[in-house]
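Undergrad:
Residue numbers (this note's numbering): 1 to 349.
Written out as structure tokens, the structure is:
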């Protein structure tokens, strides 16, 4: 047997542990600690204590670019500390106002998808655990739902009212959620076109059509149209019963009319725009450009208050590179904001 050795003793109950490259991250009820298990060194992270359950996790760096790992520590009021691998606070990210976005609707076979675009009030939350998800994202949850952030760009990717979660395990873009009632649900984070493609393969015509109509900007985007072509939408329309889904068919027809040839001048212009900026399509057909600015505050007491808008390639690089195998999905959901070219989808199993 190996001898048991006490690495360190913290001042209160441990909320979350994480480990990376010989370093142990400990989040207690009062603060976070970083321990070098090889050199037996121990640091307190930040100067300000907090009272309650707040998680912390490592954010692995990119091996190809030589980027050092980061640490994210939850703070009161929907905030996170960004910390370097030596335990020094680099900046504080504030997500309170950004969480006024409407929640992701879970699209299920048991009900029609509904999405209210109305912006709500800001949310001041405590994040009891933080998990690294994919290459860019950090996931957390509360009694109200699941939240996914792109912390380095101070952006809320989405949040969804998946309630009653006790714990979550993550593998790439797959989530396994243990609920308080003992149920385990399996969710996948994917792009909107892949969501619709899966629904089409399963012959879930009504659900696929409603998803397309609910997030038209994503379907109209050139990248999505390489997968969701006008012919596929025409086929989808032909599968719907006119007596039952007359309104839905009309919406699909309007969506198809907005399509233009991928090699047209307008399409080329939009592709050029989308490769550099984020944009939204107004009813008049005008493209509204949404510029982004990068920057952050270095003091741990200051907050980076801006929200970055990423290009579709940056934002969904990890999720769109996942395996193409056919998963036994049963229901899905989507979330989009004005100005987003792509939408994330949940597949609940």
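Every residue, glycine too, gets a C-beta built ideally from N, C-alpha and C. Given the structure is predicted, the values throughout are model-derived calculations rather than measurements.
Among the candidates 43, 55 and 37, whose CA atom is the shortest distance from the CA of residue 13?
TA: Comparing Cα-Cα distances from residue 13 to each of 43, 55 and 37, the minimum goes to 55.
Undergrad: Which partner residues does residue 388 have in the DSSP bridge list?
TA: The structure shown has nothing for residue 388, since the chain only spans 1 to 349.
Undergrad: Identify, in the order they occur along the chain, each residue of the same chain with its Cβ nearer than 7 Å to the Cβ of residue 239, setting aside the five sequence neighbours on each side.
TA: 205
Undergrad: My assumption, with CB atoms under 8 Å, is that residue 77 sits in contact with residue 96. Please give the rounded CB distance.
TA: Contact flag correct, Cβ pair sits at about 6 Å.
Undergrad: Can you tell me where the beta strand (DSSP E) with residue 185 in it begins and where it stops?
TA: 184-191
Undergrad: State the Cα-Cα distance for the pair residue 230 and residue 16, rounded to the nearest angstrom.
TA: Computed Cα separation, rounded: 49 Å.
Undergrad: Quick check on the DSSP output: the beta strand (DSSP E) that includes residue 91 runs from which residue to which?
TA: 89-94
Undergrad: Taking 8 Å as the threshold (C-beta atoms), are residue 138 and residue 72 in contact?
TA: In this structure, residue 138 lies closer than 8 Å to residue 72 by Cβ.
Undergrad: Buried or exposed: where does residue 39 fall if 16 or more other Cβ atoms within 10 Å of its Cβ makes it buried?
TA: exposed
Undergrad: Can you tell me which of 154, 178, 225 and 99 puts its alpha carbon nearest to the alpha carbon of residue 258?
TA: Of the candidates 154, 178, 225 and 99, the residue whose Cα lies closest to the Cα of residue 258 is 225.
Undergrad: Could you compute how far the alpha carbon of residue 23 sits from the alpha carbon of residue 85?
TA: In a straight line, the C-alpha of residue 23 is about 9 Å away from that of residue 85.
Undergrad: What's the gap between the Cα of residue 145 and the Cα of residue 207?
TA: Distance between the alpha carbons of residue 145 and residue 207: 23 Å.
Undergrad: Where does residue 117 sit, in a helix, a strand or coil, going by DSSP?
TA: coil
Undergrad: Can you list the alpha helix (DSSP H) stretches of 4 or more residues lying completely in the stretch 202-268, in chain order?
TA: For secondary structure counted as the alpha helix (DSSP H) over 4 or more consecutive residues, the stretch 202-268 holds these complete runs in sequence order: 205-214, 216-220, 222-225, 230-238 and 246-257.
Undergrad: For residue 83 and residue 70, which I take to be in contact (beta-carbon distance under 8 Å), what is that distance rounded to the nearest angstrom?
TA: 7 Å
Undergrad: Inspect the beta-carbon positions of residue 113 and residue 211 and report whether they are closer than 8 Å.
TA: yes
Undergrad: What residue from 87, 192, 214 and 79 has the CA that sits closest to residue 35's CA?
TA: Of the listed residues, the one whose Cα sits closest to residue 35 is 87.
Undergrad: With which residues is residue 7 paired in a DSSP beta bridge?
TA: Checking the DSSP bridge columns, you'll see residue 7 has no partner listed.
Undergrad: Residue range of the beta strand (DSSP E) that residue 140 falls in?
TA: 137-141
Undergrad: Checking the sheet assignment: what are the DSSP bridge partners for residue 36?
TA: 23 and 41
Undergrad: With 16 other CB atoms within 10 Å as the buried threshold, where does residue 350 fall?
TA: A question about residue 350 goes unanswered here, because the residues of the chain that appear run from 1 up to 349.
Undergrad: Using only the alpha-carbon positions, how far apart do residue 8 and residue 106 sit?
TA: Within the model, the alpha-carbon separation for residue 8 versus residue 106 is close to 43 Å.
Undergrad: Between which residues of its own chain and residue 340 is the CB-CB distance below 6 Å, once the five residues before and five after are set aside?
TA: Residue confidence for residue 340 is low, a pLDDT of 38 falling below 50, so the modelled location carries little weight and cannot support an answer.
Undergrad: Can you pull the DSSP bridge partners for residue 171?
TA: Under DSSP, the beta-bridge partners assigned to residue 171 are 174.
Undergrad: Under the three-state reduction of DSSP, which class applies to residue 152: helix, strand or coil?
TA: Residue 152 falls in the helix class under three-state DSSP.
Undergrad: Is residue 73 helix, strand or coil when you go by DSSP?
TA: strand
Undergrad: Between 232, 228 and 254, which lies nearest to residue 192 when the distance is taken from Cα to Cα?
TA: If we check each option's Cα against that of residue 192, 228 comes out closest.
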